[in-house]
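**Q** What follows is a structure written as structure tokens; I'll ask about it next.
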Amino acid sequence: LNTVMCCFTDDKDDREEIPDNSEVCAHDLRDSRRSNHINRGWAEFDNNANTYCTGFTYASDKGDATNRFKGNSLLDISFRNTVENGYVKNIPGAPMCACIEQMPTVSRADCRTTSVSDESLTYTIVNGALEVTKITANVEFSACEVDDLKVHAEQYDIDLSEHLVGDEGCESSKQEMRNEKFWVPTKIDNVYEEIPEDQWQLVAGKGSRFWPLKPNQKAEYDAEFRAMLGEAPFVVRRYCDSCAPSHRDIYYKRLTPLPEGLDFLDLFLSNWRNDEGNEFHKDFELYSSIDDAKAESNEWTFCNFNYGGIGFPRDCGPTGRIDCQWNSYSRGICGGRHNAFDHAFYVPVVETTR
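Residues in the sequence shown are numbered from 202 upward in steps of one, following my numbering.
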């Protein structure tokens, strides 16, 4: 298509915010696999970030100045924008500058043009051979007469409508991409539920809810965990996206004061035990909802403990034993369709159960 485009998403050195002249729609990642190193896949964008796109076209005739000086034109839309305007960073998964076929679909792009004058060539003939010693030209860059790359390309009979889709074309271009990839929308109930940050504070997690804990700081983490919880009664919540429905959301309600010497956080992470003041139906109860925890109704009826490296809640269940819903931060977990691969522990930010 004889068209090159650059798209920038940030401004270096904390300068003024980058101009937002385009919406990013979608990108077939295979089109730019040499730069993103992804062989297959596609990306869709929600346009929360400002994006500035600009480009140029050149003639197919290799003798035309726009073709011969296309390298200079690339320097104009790329390096000049970084040096003079501070524009940096590419659209994720795409090159910052490339032939338009390798770039994401966007709504529009500004247009630059190159004009060349006063070309001269200095040469000598030595022993019958032509030797060029100097080439000079006056090369100038400017905005196109109509500062719209799609409109400008039409004078070269170049149709960019599949790449520059207009302000209302993003959704249709995304749908075309989905159809091309044979994407069928599906829905899994209650997966990756959003836990309100103003109500629940994340303590530790794995998988899709990963929250790192540094090794060899167990005492510090346990002290911080206790400080978050305060005095009993209080709750600790585990939300597990990958668990069976019965174990997706569990509330541990502490009824008695925590004894000294109990590594309380480790009880949940890797060593679920019923000694040292963690006795079922005496020191704590388990519930399937915050409302039950508040009302102290529908307590779980079964719990077991004391298997090295197995954390919360081992095989505890609402009405009986349920295997493989436990987590561990010191060993592997169960395989199968439902396990605790994606989970996190939370404590209340506000007093939700007292």
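Backbone N, C-alpha and C define an ideal beta-carbon position, used for all residues, glycine too.
Between the region 219-234 and the region 320-331, do at least 3 Cβ pairs fall closer than 8 Å?
**A** The answer is no - the region 320-331 does not touch the region 219-234, with fewer than three Cβ pairs under 8 Å.
**Q** Spell out a yes or no on whether the region 433-447 and the region 404-421 are touching, meaning 3 or more CB-CB pairs, one atom from each, closer than 8 Å.
**A** With a cut-off of 8 Å, the region 404-421 and the region 433-447 count as touching, because enough Cβ pairs lie within range.
**Q** Given residue 537, which residues of its chain have a CB within under 7 Å of its CB, disregarding the five upstream and five downstream residues?
**A** Around residue 537: 525.
**Q** Leaving out the 5 sequence neighbours to the left and right, which residues in its chain are closer than 8 Å to residue 509 when beta-carbon positions are compared?
**A** Excluding residues within five positions, the ones whose Cβ falls inside 8 Å are 472.
**Q** Taking three-plus beta-carbon pairs below 8 Å as touching, is the region 205-213 in contact with the region 253-273?
**A** Touching, yes, given that three or more Cβ pairs across the two stretches are closer than 8 Å.
**Q** Along the chain, which unbroken stretches of the beta strand (DSSP E) at least 3 residues long are found entirely within the region 239-283?
**A** Counting only runs of 3 or more, we get 243-245, 253-258.
**Q** Within the continuous beta strand (DSSP E) that includes residue 418, where are the two ends?
**A** Note, residue 418: premise wrong, no beta strand (DSSP E); not H, not E.
**Q** Less than 8 Å between the C-beta atoms of residue 305 and residue 225, yes or no?
**A** Yes.
**Q** What does the alpha-carbon distance come out to for the pair residue 227 and residue 247?
**A** Each residue's alpha carbon lies about 9 Å from the other.
**Q** Under the rule that 16 or more other beta-carbon atoms within 10 Å means buried, what is residue 416, buried or exposed?
**A** Label assigned to residue 416: exposed.
**Q** Just verifying my parser: in three-state terms, what is the DSSP assignment at residue 223?
**A** Three-state DSSP puts residue 223 in coil, outside helix and strand.
**Q** Enumerate in chain order the residues of its own chain whose CB-to-CB distance from residue 309 is below 6 Å, with the five nearest sequence positions on each side excluded.
**A** If we look at residue 309 and ignore the five residues flanking it on each side, its Cβ neighbours are 223, 365.
**Q** Secondary structure at residue 427, three-state DSSP: helix, strand or coil?
**A** It is helical.
**Q** Opposite residue 318 in the DSSP bridges: which residues?
**A** Answer by DSSP bridge pairing, in chain order: 339.
**Q** In chain order, what residues of the same chain lie with their CB nearer than 7 Å to the CB of residue 270, ignoring the 5 residues before and after it?
**A** The residues are 315, 317, 340.
**Q** Using C-beta distances below 6 Å, list every residue in its chain close to residue 266, excluding the 5 sequence neighbours before and after it, in chain order.
**A** Counting only Cβ-Cβ distances below 6 Å, and skipping sequence neighbours, we find 317.
**Q** Run the CB neighbour count on residue 488, radius 10 Å, all protein chains shown included, and call it buried at 16 or more, exposed below.
**A** With 16 or more other Cβ atoms within 10 Å, it is buried.
**Q** Tell me the rounded alpha-carbon separation between residue 522 and residue 422.
**A** Straight-line Cα distance between these residues: approximately 30 Å.
**Q** Count Cβ pairs between the region 497-511 and the region 473-487 that sit closer than 8 Å; are there 3 or more?
**A** Result yes; three or more Cβ-Cβ pairs closer than 8 Å.
**Q** Please classify residue 532 as buried or exposed, where buried requires at least 16 neighbouring CB atoms within 10 angstroms.
**A** Exposed, because fewer than 16 other Cβ atoms sit within 10 Å of the Cβ of residue 532.
**Q** Find out if the Cβ-Cβ distance for the pair residue 583, residue 294 is shorter than 8 Å.
**A** Since the first and last residues shown for the chain are 202 and 555, residue 583 lies out of range.
**Q** Which residues share a DSSP beta bridge with residue 332?
**A** DSSP, once it has assigned bridges, lists 325 as partnering residue 332.
**Q** Three-state secondary structure (DSSP) at residue 448?
**A** Of the three classes helix, strand and coil, the one that applies to residue 448 here is helix, per DSSP.
**Q** From the DSSP output, in three-state form, read off residue 555 for me.
**A** Because the pLDDT of residue 555 is 49, which lies under 50, any placement of that residue in the model is unreliable, and the question is left without a value.
**Q** For residue 264, count the other beta carbons within 10 Å of its own beta carbon; 16 or more makes it buried, fewer makes it exposed. Which is it?
**A** Classification of residue 264: exposed, given that the 10 Å Cβ count is below 16.
**Q** For residue 401, which of 283, 491, 326 has the nearest alpha-carbon?
**A** Nearest option by C-alpha distance: 491.
**Q** Kindly indicate which residue of 486, 459, 470 has the alpha-carbon position closest to the one of residue 477.
**A** The candidate whose alpha carbon is nearest that of residue 477 is 459.
**Q** Rounded to whole angstroms, how far is the Cβ of residue 545 from the Cβ of residue 412, which I believe are closer than 8 Å?
**A** 6 Å between Cβ atoms; contact.
**Q** Tell me whether residue 336 is buried or exposed, calling it buried when 16 or more other Cβ atoms sit within 10 Å of its Cβ.
**A** So residue 336 counts as exposed.
**Q** Under three-state DSSP, which class holds residue 522?
**A** It is coil, neither helix nor strand.
**Q** How would you write the range of the beta strand (DSSP E) that residue 298 sits in, first residue to last?
**A** Unbroken beta strand (DSSP E) run through residue 298: 298-300.
**Q** In the DSSP assignment, what are the bridge partners of residue 436?
**A** Bridge partners of residue 436: 454.
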